[in-house]
DNA sequence: GCCAACGTTGGC
DNA sequence: GCCAACGTTGGC
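Residue numbers (full-length UniProt numbering): 1 to 135.
This is the structure:
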């Protein structure tokens with residue numbers, strides 16, 4: 001099982017929007033590194049849902065329910081998307097500030113490459129962030 | 001194939 | 001609104 005972190009601007013698509021829909025295509029990713037990460041996703045993998053720009057914090061956990069398939073919003077046929085479903089809303093959001101301040105997360109890919117919209121997490125990083133959300 | 005110019009993302 | 005990081009485009 002692998003762990004991921006995926007970003008969305010909440011005024012476009014928020015975690016609550018995902019909860020309302022029940023299941024959604026994670027489309028519109030137009031970056032090769034992010035695409036590679038999505039291709040590596042397997043059914044049952046878990047991902048943090050991170051709100052960029054507004055909130056700037058991890059707010060929930062979602063599950064990959066369908067592996068990479070053509071992005072329905074893409075007409076060129078070059079890009080893929082995965083489908084996700086909400087799993088658990090974090091009791092308390094974990095802010096970027098808190099993640100940056102925590103030495104246990106110093107190697108997080110997202111912290112090192114802030115513009116990457118889909119990035120991997122180690123199991124330890126994932127569990128650490130979940131623990132932070134429960135304090 | 002290199003690199004300058006430009007556009008976009010995302011945090012502050 | 002600004003700026004850093006970084007991806008893309010286009011001229012050579």
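C-beta: ideal position from N, C-alpha, C; glycine also.
These figures come from a predicted structure and were not determined experimentally.
Asked                                                                                                         : Found
Local Cβ density within 10 Å of residue 36, reported as buried at 16 or more and exposed below that           : exposed
Check whether residue 57 and residue 94 have beta carbons under 8 Å apart                                     : yes
Reduced DSSP category for residue 126 - H, G, I as helix; E, B as strand; rest coil                           : helix
For residue 116, three-class secondary structure by DSSP                                                      : coil
Segment limits, alpha helix (DSSP H) that includes residue 20                                                 : 15-21
Residue 68 beta carbon less than 8 Å from that of residue 38                                                  : yes
Residue 93 in three-state terms, based on DSSP                                                                : strand
CB-CB length for residue 26 against residue 1, believed under 8 Å                                             : The Cβ separation is near 18 Å, so there is no contact.
Pairwise C-alpha distance: residue 28 and residue 74                                                          : 8 Å
Whole-number beta carbon distance between residue 45 and residue 4, since they are thought to touch under 8 Å : 6 Å
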